[in-house]
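Below is one structure; the comments refer to it alone.
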Amino acid sequence: MIESELGGRRCEIVNLSSRPKLNGTTCVADEYLPGSNQYKVTLETKSKEVLVLGPDNLKRRDRTPEDCGYYIEFKNGRIIRHDFDSNEDCQAFVVAMKRGDTQPVVTEESEAAAEQAAAELLAELGIDDSPNNS
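Rendered as structure tokens:
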């Protein structure tokens, strides 16, 4: 991934004429395909669709608090990951949480997603959280 500018990065799909509805959608450039100068990307939507796109169709878009894509909540000793199809859905959820309008439900799926997100973050930061770490 390091051999390419966007490898491993969060990106926004741009100028995709074959599927214009995907323009503006965020994704993660999972793998650079040097033979074709393209990237295998995973959409940041509930579908998690995987596509192969060229660098002209991707614009780097780092995550910020205002551009969340997902929300990780810690409640009653549990980590819950909430995934959203759009930035607006995520922001509306955060606003509702702050107002106390929502009562999130812990499901096996959301718990597994949160644990996966935490593991990915720890790996990205180079932190080993295995119990045998001595």
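Mapping to my numbering: the sequence shown position 60 is 75, numbers consecutive.
All residues carry an ideal CB built from backbone N, CA and C; glycine is no exception.
(1) Quick check on this structure: which residue in I28, L137 and T40 has the alpha carbon closest to the alpha carbon of G69?
(2) What separation, rounded to the nearest whole angstrom, lies between the Cα atoms of V110 and S33?
(3) Please tell me whether R25 and E59 are closer than 9 Å, where the distance is taken between their beta carbons.
(4) Count the other C-beta atoms from every protein chain shown that fall within 10 angstroms of the C-beta of A44, then say buried if there are 16 or more, exposed otherwise.
(5) Under the rule that 16 or more other beta-carbon atoms within 10 Å means buried, what is L137, buried or exposed?
(6) L73 to T41, Cα distance in whole Å?
(7) What span of residues does the alpha helix (DSSP H) with D104 cover, start to end?
(8) Just reading off the alpha helix (DSSP H) that L140 is part of, what are its end residues?
(9) Using 9 Å as the threshold, is the C-beta distance between I95 and A134 below it?
(10) Name, in chain order, the residues that DSSP records as bridge partners for K55.
(11) Thinking S62 and H97 are a contact (beta carbons under 8 Å), I'd like their distance in whole angstroms, please.
(12) Give the range of the beta strand (DSSP E) segment to which F99 is assigned.
(13) Taking DSSP as the reference, what is the three-state secondary structure of L21?
(14) Just how far apart, CA to CA, sit G39 and A132?
Looking at the coordinates:
(1) I28
(2) 35 Å
(3) yes
(4) buried
(5) exposed
(6) 9 Å
(7) N102 to R114
(8) E123 to L140
(9) no
(10) E46 and V67
(11) About 16 Å; that fails the 8 Å criterion.
(12) Taken as a continuous stretch (DSSP letters only), F99 belongs to no beta strand (DSSP E), as it is neither H nor E.
(13) coil
(14) 23 Å
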